[in-house]
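**Q**
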Amino acid sequence: MKMKKAIAFLITTLLISSMGVGCSQQTASSGTSDNQTSTTTQTNTESAKTPKETTKEKKEVVIWDYFETDAQKAMMQTLIDGFNSSQDAFTASHVYVPFADYEKQLTLGIASGELPDIVILDGCGMASFISLGLFADITDEASDIKWDEYIQGPLESTMMDGKHYGIPFATNCTALFYNKDMFDEAGLSYPDENTTWDEFKGMAKTLTKNGVFGFGNAGTNTDEGTFQCLQWLYTAGGSYTDIESGVDAYKLMQEMISDGSWTKECVNWTQSDVNNNFMAGNLAMQQNGPWQIPGIEANAPDLNYGVTVLPKKDASSGQATSILGGENMGVVNKDDVGGAVAFLEYYDQTNVMVEAMKQYGSFPPKTEAAKDGYWTNDPVQAAFITQLETSIPRGPSAVWPSYSSAIQKGFQEVLTLSKTPEQAAKDTQAAVDAVK
């Protein structure tokens, strides 16, 4: 028993110490250009308040996030300021926690009880923390949230067993970028929503010449690689638990790797590497996300490119799927979740969500909000909105990292030609089946 108490004390001490550093940094930055806000302790002047004034004190709503860019920080502060001025019961603030430490801090927080009221986190990680008891079931408490207005995929990543534990915050996916000048020079029609795998394969092979590869994506042996490769498995008819039904995706990859039209370098590339090669003219087509658009505009402003949905398997198939990225807002499991729910209900307003996502550089997860002209009037942005309609989350599963590791190992074996598609599918299926 003494040992257990000692361990519990150590975990608690570690959390309080680490969060103390975070809070100190936030407090020190108060009033600076990044407009970060943090909670502070009450001063002794509180004792001078009258009982009437004390009863009017607003309840705090603390939010954790890992946002680092100036645009992200500005978006959060604008969102918080809007919430604080919209009502007189709560006052919200946010605390920055480095992404590398995020899951560790949440896990320690579960042990110590030192947690915020709302957590903003990667959508694929939410299921595991729901299972750990971090998030509260708000199905009944958040009755004013318009659940049916959310895009299905993002909404499902916030749920478990039909219950709601938060709402999607931002959403995105990958789609197909293509170099228009290269297509024009080759006399090829641009890819579109009707492009099949056979047509895509033919385009890539024709465009592979003079040091240029027809296509590339991020196949690195991490969840980033799973994020980019998994959609091919789903489009082939498989899923993250049914690998063998998607074996045709493995066959397509090996055919294109073998003829050089799908670059073999993809097994080492991150999504940034892929985009850098697309901007440099080394790729005629790339699979990537809308977060690359600002980089293209800044570093390759003259690049003549388009974006469309990913190719479908055949003419009789529906639109190809893509895999969802983005963040969710989860309500931490506490005795009083009123303030957290109020913040989610504020963000649930279409106009609030639209303005936040314009600043953030992602897409709103509500169908109506995504119809705003800011996105639909831009053909590049509009292509991603179309792709989102058939995008799905990674999982959701409480043990997603284990699934992701098994799945990506299979893709690495296929993309390096170290196993036949059939053998890779069989072995990956066994690895997936072994995940508990």
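Going left to right, the sequence shown walks through residues -24 to -1, 1 to 412 as mature numbering (1 follows the signal peptide of the UniProt record, and there is no 0) numbers them. Where a beta carbon is used, it is the ideal one built from N, C-alpha and C, also for glycine.
By the three-class DSSP mapping on this structure, what secondary structure does residue 315 have?
**A** The residue given as residue 315 occupies position 339 in the sequence shown. Of the three classes helix, strand and coil, the one that applies to residue 315 here is helix, per DSSP.
**Q** Does the distance from the CB of residue 355 to the CB of residue 230 come in under 8 Å?
**A** Translated into the one-based positions of the sequence shown, residue 355 becomes position 379. Translated into the one-based positions of the sequence shown, residue 230 becomes position 254. In this structure, residue 355 sits away from residue 230, with a CB-CB distance that is not shorter than 8 Å.
**Q** May I ask you to list the residues that DSSP assigns as paired with residue 71?
**A** Taking the first residue of the sequence shown as position 1, residue 71 is located at position 95. Paired residues: 40.
**Q** Under a Cβ-count criterion, where at least 16 other Cβ atoms within 10 Å of its own Cβ denotes burial, should residue 266 be classed as buried or exposed?
**A** Sequence index remark: in the sequence shown, residue 266 carries index 290 (1-based). Residue 266 should be labelled buried.
**Q** When DSSP labels each residue in this structure, what does residue 131 get in the three-state scheme?
**A** Position 155 of the sequence shown, counting from 1, holds the residue named residue 131. Note: residue 131 maps to helix in three-state DSSP.
**Q** For the beta strand (DSSP E) holding residue 414, just list the boundary residues, first then last.
**A** Outside the shown range of the chain, which is -24 to 412, sits residue 414, and nothing can be said about it.
**Q** Would you decide whether residue 130 is buried or exposed? Buried here means 16 or more other CB atoms lie within 10 Å of its CB.
**A** As a first step, residue 130 must be located in the sequence shown, where it is residue number 154. Buried, because 16 or more other Cβ atoms sit within 10 Å of the Cβ of residue 130.
**Q** Report yes or no: do the region 401 to 408 and the region 135 to 146 share at least 3 C-beta pairs separated by less than 8 Å?
**A** no
**Q** Straight-line CA distance for residue 183 to residue 209?
**A** Start at 1 with the first residue of the sequence shown, and residue 183 comes out as number 207. Start at 1 with the first residue of the sequence shown, and residue 209 comes out as number 233. Going by the C-alpha atoms only, they are around 24 Å apart.
**Q** In whole angstroms, what is the alpha-carbon distance linking residue 151 and residue 92?
**A** Numbered from 1 along the sequence shown, position 175 holds the residue referred to as residue 151. Numbered from 1 along the sequence shown, position 116 holds the residue referred to as residue 92. Rounded to whole angstroms, the separation of the alpha carbons of residue 92 and residue 151 is 35 Å.
**Q** Taking buried to mean at least 16 other C-beta atoms within 10 Å of its own C-beta, is residue 264 buried or exposed?
**A** Translated into the one-based positions of the sequence shown, residue 264 becomes position 288. Result: buried.
**Q** Please state whether DSSP places residue 340 in a helix, a strand or coil.
**A** One-based indexing of the sequence shown puts residue 340 at position 364. Reduced to three states, the DSSP call for residue 340 is coil.
**Q** So for residue 308, helix, strand or coil by DSSP?
**A** As a working note, residue 308 is residue 332 in the sequence shown. In this structure, residue 308 counts as strand in the three-state DSSP scheme.
**Q** Whose C-beta lies closer than 7 Å to the C-beta of residue 340 among residues of the same chain, with five residues either side of it excluded?
**A** For this step, residue 340 is matched to residue 364 along the sequence shown. Result list for residue 340: 329, 330, 333 and 346, in chain order.
**Q** So what's residue 122 in DSSP terms, helix, strand or just coil?
**A** In the sequence shown, the residue the question calls residue 122 occupies position 146. Looking at residue 122 - three-state DSSP - the assignment turns out to be coil, as it is neither helix nor strand.
**Q** Terminal residues of the continuous alpha helix (DSSP H) containing residue 142?
**A** The sequence position of residue 142 within the sequence shown is 166, counting from 1. Segment 142 to 148 is the beta strand (DSSP E) holding residue 142; no alpha helix (DSSP H) there.
**Q** Express the C-alpha separation of residue 198 and residue 375 in angstroms, rounding to a whole number.
**A** Position 399 of the sequence shown holds residue 375. Position 222 of the sequence shown holds residue 198. Between residue 375 and residue 198, the C-alpha separation is close to 15 Å.
**Q** Below 8 Å, how does it come out for the region 292 to 309 and the region 352 to 367: are there three or more Cβ pairs, yes or no?
**A** yes
**Q** Based on the DSSP secondary-structure assignment, which residues constitute the bridge partners of residue 172?
**A** For this step, residue 172 is matched to residue 196 along the sequence shown. Residue pairing by DSSP puts residue 172 in a beta bridge opposite 288.
**Q** Could you spell out the range, first to last residue, of the alpha helix (DSSP H) harbouring residue 206?
**A** For this step, residue 206 is matched to residue 230 along the sequence shown. Taken as a continuous stretch (DSSP letters only), the alpha helix (DSSP H) holding residue 206 covers 199 to 211.
**Q** Write down the C-beta distance between residue 281 and residue 153 rounded to the nearest angstrom, noting that I regard them as a contact closer than 8 Å.
**A** Indexing the sequence shown from 1 puts residue 281 at position 305. Indexing the sequence shown from 1 puts residue 153 at position 177. Going by Cβ atoms, the distance from residue 281 to residue 153 rounds to 6 Å, so yes, they are a contact pair.
**Q** Closest to residue 90 by CA distance: which of 68, 107, 114 and 39 is it?
**A** Numbered from its first residue, the sequence shown carries residue 90 at position 114. It is 39 whose Cα lies nearest to the Cα of residue 90.
**Q** If I measure Cβ to Cβ from residue 202 and keep anything under 6 Å in the same chain, skipping five residues before and after, which residues do I get?
**A** Start at 1 with the first residue of the sequence shown, and residue 202 comes out as number 226. Closer than 6 Å at Cβ, skipping near neighbours: 380, 383 and 384.
**Q** Going by DSSP in three states, residue 279 sits in which element: helix, strand or coil?
**A** For the purposes of this step, residue 279 is taken as residue 303 along the sequence shown, with counting starting at 1. Reduced to three states, the DSSP call for residue 279 is coil.
**Q** Name the DSSP beta bridge partners of residue 321, please?
**A** As a working note, residue 321 is residue 345 in the sequence shown. Paired residue(s): none; residue 321 is not in a bridge.
**Q** Can you list, in chain order, the residues of its chain with a C-beta nearer than 6 Å to that of residue 213? Leave out the 5 residues immediately preceding and following it.
**A** Within the sequence shown, residue 213 is the residue found at index 237, counting from 1. Around residue 213: 221 and 222.
**Q** Leaving out the 5 sequence neighbours to the left and right, which residues in its chain are closer than 7 Å to residue 399 when beta-carbon positions are compared?
**A** Position 423 of the sequence shown, counted from the first residue, corresponds to residue 399. So the list is empty, once near-sequence residues are dropped.
**Q** Would you identify the three-state DSSP class for residue 393, choosing helix, strand or coil?
**A** In the sequence shown, counting from the first residue as 1, residue 393 sits at position 417. DSSP places residue 393 in coil when its eight states are reduced to three.
**Q** Measuring CB atoms only, is the region 238 to 247 touching the region 309 to 321, in the sense that at least three cross pairs come out at less than 8 Å?
**A** no
**Q** Pick out the complete beta strand (DSSP E) segments inside the region 239 to 268, 3 residues or longer, and give them in chain order.
**A** 259 to 264
**Q** Could you name the residues that DSSP lists as bridge partners for residue 301?
**A** In the sequence shown, counting from the first residue as 1, residue 301 sits at position 325. Looking at the DSSP assignment, residue 301 forms a beta bridge with 148.
**Q** Indicate whether residue 290 and residue 121 have their beta-carbon atoms separated by less than 8 Å.
**A** Stepping through the sequence shown from its first residue, residue 290 is reached at position 314. Stepping through the sequence shown from its first residue, residue 121 is reached at position 145. No; because the gap between Cβ atoms is not below 8 Å, this pair is not in contact.
**Q** Less than 7 Å between C-beta atoms, sequence neighbours within five positions excluded: which residues of the same chain meet that for residue 389?
**A** In the sequence shown, counting from the first residue as 1, residue 389 sits at position 413. Cβ within range, chain order: 395 and 400.
**Q** Let me make sure I understand the geometry here. Which of 402, 149, 312 and 279 has the alpha-carbon closest to that of residue 94?
**A** Position 118 of the sequence shown, counted from the first residue, corresponds to residue 94. The shortest Cα separation from residue 94 among 402, 149, 312 and 279 belongs to 312.
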